[in-house]
Amino acid sequence: MKCPSCGHETQRAYCSICGTPVQFYDDSPKQRHVVMPPVERHADSAFLIVTLSLLFIGLLTILTLQQQRALADIEARNLKLEALAEESQRLIADEQQFAAALEAKARLVAARERLEEERHKSQLERYEIELRLQTSEWERLEMARQLQLATGVVAIDADKDGLSESEERLLGTLPYDADTDNDGLLDGEDPTPTGGGRILTIGVAGHQVRVHSDLFDYYRSKPRSASWGEYLHTDKEYIITLAHDIVADATEEGVSSLEAIIRFIHDLSYVRDVNLGYDEYPKYPIETLVEGTGDCEDTSILMASLLSAINLEPVLLLSKDHMAVGIPCESTEGSVLYEGRRYCYLETTGPHDWQPGEVPEEIHLNDFHIEYFS
Numbered sequence: 078m079k080c081p082s083c084g085h086e087t088q089r090a091y092c093s094i095c096g097t098p099v100q101f102y103d104d105s106p107k108q109r110h111v112v113m114p115p116v117e118r119h120a121d122s123a124f125l126i127v128t129l130s131l132l133f134i135g136l137l138t139i140l141t142l143q144q145q146r147a148l149a150d151i152e153a154r155n156l157k158l159e160a161l162a163e164e165s166q167r168l169i170a171d172e173q174q175f176a177a178a179l180e181a182k183a184r185l186v187a188a189r190e191r192l193e194e195e196r197h198k199s200q201l202e203r204y205e206i207e208l209r210l211q212t213s214e215w216e217r218l219e220m221a222r223q224l225q226l227a228t229g230v231v232a233i234d235a236d237k238d239g240l241s242e243s244e245e246r247l248l249g250t251l252p253y254d255a256d257t258d259n260d261g262l263l264d265g266e267d268p269t270p271t272g273g274g275r276i277l278t279i280g281v282a283g284h285q286v287r288v289h290s291d292l293f294d295y296y297r298s299k300p301r302s303a304s305w306g307e308y309l310h311t312d313k314e315y316i317i318t319l320a321h322d323i324v325a326d327a328t329e330e331g332v333s334s335l336e337a338i339i340r341f342i343h344d345l346s347y348v349r350d351v352n353l354g355y356d357e358y359p360k361y362p363i364e365t366l367v368e369g370t371g372d373c374e375d376t377s378i379l380m381a382s383l384l385s386a387i388n389l390e391p392v393l394l395l396s397k398d399h400m401a402v403g404i405p406c407e408s409t410e411g412s413v414l415y416e417g418r419r420y421c422y423l424e425t426t427g428p429h430d431w432q433p434g435e436v437p438e439e440i441h442l443n444d445f446h447i448e449y450f451s
């Protein structure tokens, strides 16, 4: 075939001399059409195959990625479902545990209520039995004492509480413990030696005083004595404890023990007994503390008890219508002489903080005599 431009003979689709495209024609008499050279046809087929292969590979890759993503989503959903199932089981377990705890607590509360009810019931029954037996017991004790006096037989009292061994067995008290219920009373003086009463906590002049109600009831109902020495509770635990508390506070404040006890006594409410003479109904110290008030002999007895508890050796100063305390001193003013020793006058009624040797104007020391306690 000749190139239409330069006339060069060529069998290619392009002229090798000028590069002009050369068309091949079918010279058959029936039809003339363009025929592509064989090399060109093979190139187009290869290109098509490569293109289709790339498309297939790309499509396959896309499908693979989508499948992997779908599998990952399914796995994530499965994990979430498993987590939800575990959380649901945990919540169910917690709810069951909480319900069990509530049930256990309800059973515990019910058991405690039943126990408290039974305890209260048993206490009431015990108190009723004690009340029924108390009169007969004390009657038998009194008969035993009268019998001892009449026969001269001395019973053994190992713990010195006023009860013999047979009386201890009868009352249910301890034969070697003088105060079985620790209420501050000897078993022989205690109306309920095996228990009963309660602890009284009294706030007096900034201090807490704890005494047993049995002890208070005992001294409140005890007949008044003609001996002033019986009223001073110098060896009673409640007096010793209170005196030491007052002294401890005084040490912290830099105040003397005597000054602290004076302040304590003067902080009590003073009442003048206009219906009875001052010596008609003196109180024991525990009565004055619990009631928080008293007249001159009550505050004097309480002060003398506290001063004796810290070894200051007080005395009681008595006149016809008044009582005060005397403490050992060297001063000749405001003091009285007794057996070669001077005692300064100390007023116990408030509200003025009277000091040792300071005597109220209406008081005449010559009218006083001393009640001495060794």
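Under this note's numbering, think of the first position of the sequence shown as 78, with each following residue one higher. Yeah, the Cβ is synthetic: ideal placement off N, Cα and C, and Gly gets one too.
Listed in chain order, the alpha helix (DSSP H) elements of length 4 or more contained wholly in the segment 379 to 451 amount to none.
The C-beta separation of Pro433 from Leu423 comes to about 5 Å, placing the pair in contact by the 8 Å criterion. Counting C-beta pairs with one atom in each stretch, the segment 375 to 383 and the segment 407 to 414 have fewer than three that are closer than 8 Å, which means they do not touch. Within the same chain, and ignoring the five residues on either side of Leu383 in sequence, the residues whose Cβ sits closer than 6 Å to its Cβ are Ala320, Ile338.
Distance from the CA atom of Asp256 to the CA atom of Asp171, rounded to whole angstroms, is 55 Å. For Leu366, same chain residues with a beta-carbon under 8 Å away, outside a window of 5 residues either side, are Ile279, Val281, Val286, Val288, Tyr315, Leu319, Leu379 in chain order.
Take the alpha-carbon of Gln173 and the one of Glu164: they are about 14 Å apart. Ranking Ile387, Ile169, Leu292, Glu439 by CA distance to the CA of Ser396 puts Glu439 first.
Annotated as distal: Val436 and Gly403, with beta-carbon spacing of 8 Å or more.
If you draw a straight line from the Cα of Thr128 to the Cα of Arg167, it comes to about 58 Å.
A Cβ-Cβ separation of about 11 Å leaves Pro359 out of contact with Tyr296 under the 8 Å criterion.
Ile447 has its alpha-carbon roughly 11 Å from the corresponding atom of Arg419. Per DSSP, the unbroken alpha helix (DSSP H) holding Leu366 starts and ends at 362 to 368. Residue pairing by DSSP puts Thr278 in a beta bridge opposite Arg287. DSSP places Gly306 in the helix class (H, G or I) of the three-state scheme.
In the structure shown, Gly135 falls within a helical segment according to DSSP collapsed to helix, strand and coil.
The DSSP-derived three-state label of Lys157 is helix.
Boundaries for Thr269: no alpha helix (DSSP H) harbours it, and the DSSP string shows neither H nor E there. A direct Cα-Cα distance of roughly 11 Å separates Cys373 from His343. Ile323: member of the alpha helix (DSSP H) spanning 314 to 330, first to last residue. Cβ atoms of Leu394 and Phe445 come within 8 Å of each other, at about 5 Å.
If you draw a 10 Å sphere on the C-beta of Cys80, you find 16 or more other C-beta atoms in it, and that means buried.
Check the Cα spacing between Cys421 and each of Gly427, Asp322, Leu389: the tightest is with Leu389. For the pair His284 and Asp322, the CB atoms are nearer than the 8 Å cut-off. For His343, the enclosing alpha helix (DSSP H) has its first and last residue at 334 to 343. Here DSSP, grouped into helix, strand and coil, assigns Ser346 to strand. Rounded to whole angstroms, Cys95 and Ser130 show a C-alpha spacing of 37 Å. Between the beta-carbon of Leu345 and that of Gly371 there is about 7 Å, and that keeps the pair under the 8 Å contact cut. The Cβ atoms of Leu277 and Ser290 sit closer than 8 Å to each other. As the crow flies, the alpha-carbon of Thr141 is around 44 Å from that of Ala90. Of the other Cβ atoms in all chains shown, 16 or more fall within 10 Å of the Cβ of Glu364; this residue is therefore buried. In the three-state reduction of the DSSP assignment, Lys299 falls in the coil class, being assigned neither a helical nor a strand state. Under DSSP, Pro81 forms no beta bridge with any residue.
One alpha carbon belongs to Thr328, the other to Tyr449, and they sit about 29 Å apart. The alpha-carbon separation between Glu330 and Val324 amounts to approximately 10 Å.
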